[in-house]
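To start, the structure under review is shown below, and the notes come after it.
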Amino acid sequence: MINFNGDILANESKFLNHNNRGLRYGDGLFETLKVVNAKILFWEDHYFRLMSSMRILRMDIPMEFTLEFLEKEIISLIKTNQLESTTARVRLNVFRDAAGYYLPENNDVSYVIEAVEIENPFYVIDESPYEVELFKDYYVEPGLLSTLKSNNRIINVVGSIYASENEYDNCLLVNNNKNVVEALNGNVFLVKGNVIKTPPITDGCLNGIMRKQLMNVLESVEEYELKEESISPFELQKADELFITNVITGIRPITKYRKKQFEINVAKKIIGKLNVKVRLS
11 MINFNGDILA NESKFLNHNN RGLRYGDGLF ETLKVVNAKI LFWEDHYFRL
61 MSSMRILRMD IPMEFTLEFL EKEIISLIKT NQLESTTARV RLNVFRDAAG
111 YYLPENNDVS YVIEAVEIEN PFYVIDESPY EVELFKDYYV EPGLLSTLKS
161 NNRIINVVGS IYASENEYDN CLLVNNNKNV VEALNGNVFL VKGNVIKTPP
211 ITDGCLNGIM RKQLMNVLES VEEYELKEES ISPFELQKAD ELFITNVITG
261 IRPITKYRKK QFEINVAKKI IGKLNVKVRL S
């Protein structure tokens, strides 16, 4: 079952039509949430990112779109789908609901919530081989719009197809300045000695929720120095470790880039601290 503007509908319901602006122009935003035993992880961070993104896109935020209202709608769907005692992946999609061409007739919005069951209530390190390559067919524009989790993810789609065709597990995206920005499905962290780097938002990377959580964790660990700095592709083969972060998998170590094999030591050390943060949140 899905939630469309508060109505619970069958998953196969045809409730959108060809005029939908999310379909026609990518005029929408989404949040990917992890819900464990009917508790939304990092919900306030997700909510405020969504509200900020809606303002940036000049969407009218309905009066009822409070933190409590949207949480209630999500948990209601979780219970309807009998997922309240397990772990679920939830997608909350908000799109401008108006006729018009590029210029919408108004800035009203609609929302859709969907939920599916997944494994692992907490975060674990997957040590299986995971190889990446740079995706250089197209570049990320370093600007504010690139940092939003919008429906405009075509570079991620094409990059995923490229990775599949060439038997890579993932690809790293670069911006117009030829700096590494992020992976296809999350933010990137690079470890060299006791320094851990992640690209700054100004480079065009997604303003990731797990990126924020991990940065908070690392700032409290004295043995590592966290830096928000641009990452050159030349740094990748000199790194000790590389890993990808998102709210579903937590930390995904990269084991190989070209001829370079990476360690997984730092990722193992900080995964426990991340799970502590989850339990306390």
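For the sequence shown, counting from 1, position 147 maps to 157 in the numbering used here; every step adds exactly one. Beta carbons: idealized from backbone N, C-alpha and C, even for Gly.
State yes or no: is the C-beta of Tyr178 nearer than 7 Å to some heavy atom of the ligand HEM?
-> Only the bare structure without any ligand can be found here, which leaves the ligand HEM out of the picture.
Three-state secondary structure assigned by DSSP to Tyr5 = Here the chain covers residues 11 to 291 and nothing more, so residue 5 does not appear.
What did DSSP end up calling Phe244 once you bin it into helix, strand or coil?
-> helix
Output yes or no for whether 8 Å exceeds the beta carbon distance between Val104 and Met64.
-> yes
Write down the C-beta distance between Val184 and Leu144 rounded to the nearest angstrom, noting that I regard them as a contact closer than 8 Å.
-> 6 Å
Nearest-angstrom Cα distance between Glu239 and Asp17?
-> 45 Å
Does DSSP put Gly169 in a helix, in a strand, or in coil?
-> helix
What is the residue span of the alpha helix (DSSP H) that Phe79 lies within?
-> Leu77 to Thr90
Close Cβ partners of Asp70 (< 7 Å) along its chain, the five nearest in sequence each way excluded = Asn117, Asp118 and Val119
Quick one: using the 10 Å Cβ neighbour count with 16 as the cut-off for buried, is Lys207 buried or exposed?
-> buried
Residue range of the beta strand (DSSP E) that includes Val205 = Val205 to Thr208
Unbroken beta strand (DSSP E) run spanning Leu200, endpoints = Asn197 to Lys202
Residues bridged to Tyr267 by DSSP?
-> Val142 and Lys270
Touching by the beta-carbon criterion (3+ pairs, under 8 Å), the segment 268-280 and the segment 208-219 | no
Anticipated Cβ contact below 8 Å, Ile88 with Leu102, distance rounded = Not quite, the Cβ-Cβ distance comes to about 12 Å (not below 8 Å), so this is no contact.
Do Leu236 and Ile280 have their CB atoms nearer than 8 Å?
-> no
Which residue comes first and which comes last in the alpha helix (DSSP H) that contains Glu177?
-> No alpha helix (DSSP H) holds Glu177; DSSP gives it neither H nor E.
Are there three or more Cβ pairs, one per stretch, closer than 8 Å when the segment 216-234 is compared with the segment 186-205?
-> yes
Confirm, please, whether the CB-CB distance from Glu192 to Cys215 is below 8 Å.
-> yes
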